[in-house]
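Following: one structure in structure tokens, then a few remarks.
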Amino acid sequence: MICDKKILTGVVALLMGVTPAVSQAESRPHVIVVGVNGMEWDIIRPLLLKGELHNFAEVIQRGVYGKMKTLSAPNCPKVYTSIATSTPPEENGITGFVVAGKTASTDMLKREPLWSILSKRGVTVGMANVPATFPVMPLNGYMISGMLTRGKGCEDGILCSPKLSEVKGGEAVYPPSMVAELEMNVGDFWIDCSRMPTAEELKGKELAAIDHWLQQVSQVRAQQAKLFDYLLSHHRTDFTMLVQSCEDRVGHWLYPIQPYNAGYDSTLHNVRVDAFPDQYRAFDQVLGKILQHVDRNTYLFIISDHGIKPLREFEEGRRLYHSSHDHGGNTPIIAKHDFEDGDDVPGIFIAIGPNIKRDVRLMGLTVSVFDIAPTILNLYGIPRPTQMKGRVLSEIFEAPSSQPAESSAR
Ligand SMILES: [Zn+2]
465 MICDKKILTG
475 VVALLMGVTP
485 AVSQAESRPH
495 VIVVGVNGME
505 WDIIRPLLLK
515 GELHNFAEVI
525 QRGVYGKMKT
535 LSAPNCPKVY
545 TSIATSTPPE
555 ENGITGFVVA
565 GKTASTDMLK
575 REPLWSILSK
585 RGVTVGMANV
595 PATFPVMPLN
605 GYMISGMLTR
615 GKGCEDGILC
625 SPKLSEVKGG
635 EAVYPPSMVA
645 ELEMNVGDFW
655 IDCSRMPTAE
665 ELKGKELAAI
675 DHWLQQVSQV
685 RAQQAKLFDY
695 LLSHHRTDFT
705 MLVQSCEDRV
715 GHWLYPIQPY
725 NAGYDSTLHN
735 VRVDAFPDQY
745 RAFDQVLGKI
755 LQHVDRNTYL
765 FIISDHGIKP
775 LREFEEGRRL
785 YHSSHDHGGN
795 TPIIAKHDFE
805 DGDDVPGIFI
815 AIGPNIKRDV
825 RLMGLTVSVF
835 DIAPTILNLY
845 GIPRPTQMKG
855 RVLSEIFEAP
865 SSQPAESSAR
């Protein structure tokens, strides 16, 4: 309908002998980035083969897909900040969940993130649930914080989920005036995913505890899907970044493992073996809603900060459960991602868009978390700041020569 109106306006203008005015905003690329924490090809591929992920399969066929090289000992706050700044954690300041004894926060950022650079250049930006974006920063659009948001019952902000009305210690929404609007139209949603039950809470009532927790996870995802749909429908921005984190949380303690895997406990891991694959079945539904906002001129990137794999005894030594620096509190962890060699748990990279190649698989680990920001800046014709370590992924485009040239030599 909108396109028809544009064409009509153009035709009328041509008939009148004048050039139709195309505003700068209309000519800017429309880019949506969907982050899924800990998205794991090992789990997704069998579901794709069985034809269970229709939307995901469609996106793969329409675009370029493969693994994404992540950091050493990856975790969400530090990888997402590396994605946003295209710099390593020791340079950007966010080295993990906790930095110098304090929960990581945006005031610790030492390098300018993508959304700030875009905002300054007049690109409208929308962000929701991106890890380590609390307290929110002013930008040319809106921002709703994600993982590490502090609030009632979640004072340290680590792997818990305050509701929008329960946020403390900073703003979770920019502009603040948007809070009332979101409460009215989306509801009092949880920010981030639910805290995992402790070993004590599970003991003797494993099935009930698992089911109760998974029910919460479903509610969180439903709220987030509603939020994403509302934002994409009512607050369209040139650049939008949306993130889900429950997939990762589920994988940590409900990854479908075998008795020979480290950490196997028949009372926990014989039941609900579909819990983790179910997260991707559920994500596929969320993706379907997002795709309703993706037209043929939209670039869609689906990325994960890292994968997640069952524990390996050679790294765990005598400990059956996770090491102290992987997250999860005292939940019996059976899979993790902060392996010292990040290549053991690569993330996922998928891109579709007007001039992006179709049905092309990227082999190996040629795409890195550092390459996302330079590639997106390049779409907007914005020079890559010298701070950025990544490169423009020119190989994913049909006609590299028609792309804006990478602005600075590496
Ligand atoms: Zn995790």
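Residue numbering for the sequence shown follows the numbering used here, beginning at 465 and increasing consecutively. Glycine residues also receive a C-beta, built at the ideal position from the N, C-alpha and C atoms.
Placement of the Cβ of residue 527 at a distance of 7 angstroms or more from every heavy atom of ligand 1 is found.
In this chain, residue 628 is not harboured by any alpha helix (DSSP H), its DSSP state being neither H nor E.
For residue 577, the CB contacts under 7 angstroms within the same chain, skipping 5 residues up- and downstream, are 548 and 549 in chain order. A straight-line Cα-Cα distance of about 33 angstroms links residue 560 and residue 512. Set against 7 angstroms, the gap from the CB of residue 502 to the closest heavy atom of ligand 1 is smaller. Listed in chain order, the alpha helix (DSSP H) elements of length 4 or more contained wholly in the segment 552 to 624 are 553 to 556 and 578 to 584.
In this structure, DSSP gives residue 756 a state outside helix and strand, which the three-state scheme calls coil. About 7 angstroms separates the CB atoms of residue 833 and residue 533; that is less than 8 angstroms, so the two are in contact. Rounded to the nearest whole angstrom, the C-alpha separation of residue 553 and residue 543 is 8 angstroms. Apart from the 5 residues on each side of it in sequence, residue 583 sits with its Cβ closer than 6 angstroms to the Cβ of 589, 603 and 604 in its chain, given in chain order. Counting along the chain, residue 825 sits inside the beta strand (DSSP E) bounded by residues 824 to 826.
Within 10 angstroms of the beta-carbon of residue 538 lie 16 or more other beta-carbons, which makes it buried. If you compare the alpha carbons of 682, 732 and 526 with that of residue 673, the shortest gap goes to 732.
For residue 539, the shortest C-beta to heavy atom distance toward ligand 1 is below 7 angstroms. Per the coordinates, the alpha-carbon of residue 660 lies some 35 angstroms from the alpha-carbon of residue 852. Taking the Cα of residue 688 as reference, the smallest distance to any Cα among 704, 655, 715 and 669 is reached at 655. Apart from sequence neighbours up to five positions away, the residues of its chain that approach residue 836 with a beta-carbon distance below 6 angstroms are 547, ordered along the chain. No Cβ-Cβ contact shorter than 8 angstroms links residue 598 with residue 628.
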